[in-house]
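Numbering (the working numbering), first residue to last: 2 to 218.
We treat Cβ as the ideally placed atom computed from N, Cα and C, and that holds for glycine.
Okay, so here's the structure we're looking at.
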Ligand code: E4P
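Here's what the structure looks like:
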């Protein structure tokens, strides 16, 4: 399973890119709105920092508007992937854009049927929202597993991005459920490194080393 960062913050992207674990970025209008700079200025910088797909979402809800926005965003960099919500007009746009060679990530997926519609329209990626489903008492990870099963069962050419990840346990569960990608907030990506036994191990290795150095003097 590949790891993407779910953010429009350049400092977070810069740091995570240095760790060597990043395969791509996803953004959404809420994440973009948190930044001081305009998203049209941020997007080219994101594409320079990360060598992988960068999802940028359209705001329009009708076909012509989506196509216009998508073409503009896709022209920024070959790695830009257009994010479109799972609505009928959106799937019409997915069909047209994928015929033009523009990859689409269909977002706000909360059911297997929605994922199936996205796959049939020709989307490259589908994003089930794990945390938001958990919030209403359903299992987001079960949905990821079901979508992966349907994709494999019917040989569909689409990748699953486990989105709306809230904690490290979501990441490992998404990997076990067969997600191709998890898109992770910066805080959660940092938490993934941590384990109390790793901290204790580093501490004892260093103190043993220092003791032996002192004894040799
Ligand atoms: C997906 O690509 C979205 O950007 C994101 O994962 C949504 O997460 P949230 O539910 O934490 O807003």
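Check, Outcome
"Between residue 186 and ligand 1, is the CB less than 8 Å from at least one heavy atom?", "yes"
"Could you tell me if residue 84 is buried or exposed, where buried requires 16 or more neighbouring beta carbons within 10 angstroms of its beta carbon?", "buried"
"Going by DSSP, name the residue or residues bridged to residue 7.", "27"
"For the alpha helix (DSSP H) containing residue 154, list its first residue and its last residue.", "141-154"
"What does DSSP give as the partner residue(s) for residue 212 in the beta ladder?", "According to DSSP, residue 212 bridges with nothing at all."
"Would you decide whether residue 6 is buried or exposed? Buried here means 16 or more other CB atoms lie within 10 Å of its CB.", "buried"
"Where DSSP assigns a beta bridge to residue 64, which residues make up the other side?", "BP columns for residue 64 are empty, so no partner."
"Less than 9 Å between the C-beta atoms of residue 75 and residue 36, yes or no?", "no"
"For residue 128, does the count of other Cβ atoms within 10 angstroms reach 16, so buried, or fall short, so exposed?", "buried"
"Are residue 82 and residue 104 close, meaning C-beta to C-beta below 9 Å?", "yes"
"Whose CA, out of 40, 86, 214, 17, lies closest to the CA of residue 73?", "40"
"Going by DSSP, what residues sit across from residue 56 in a beta bridge?", "27, 82"
"Report the option in 184, 172, 210 whose CA atom is closest to the CA atom of residue 162.", "184"
"What does the Cβ neighbour count give for residue 166, buried or exposed, with the cut at 16 atoms within 10 Å?", "buried"
"What residues in its chain sit with their C-beta under 8 Å from that of residue 48, if we drop five residues either side in the sequence?", "55, 77, 78, 80, 81"
"Compute every distance between the C-beta of residue 130 and the non-hydrogen atoms of ligand 3, then say whether any falls below 8 Å.", "For the structure depicted, ligand 3 is absent and the ligand set comprises only ligand 1."
"My assumption, with CB atoms under 8 Å, is that residue 94 sits in contact with residue 71. Please give the rounded CB distance.", "7 Å"
"Can residue 159 and residue 215 be called in contact, C-beta distance under 9 Å?", "no"
"Between residue 56 and ligand 1, is there a pair consisting of the residue's CB and a ligand heavy atom that are separated by less than 8 Å?", "yes"
"Can residue 97 be considered in contact with ligand 1, in the sense that its beta carbon sits closer than 8 Å to one or more heavy atoms?", "no"
"Applying the criterion that 16 or more other CB atoms from any shown protein chain within 10 Å of the CB defines a buried residue, is residue 60 buried or exposed?", "exposed"
"How should residue 100 be labelled, buried or exposed, when 16 other C-beta atoms within 10 angstroms of its C-beta is the threshold for buried?", "exposed"
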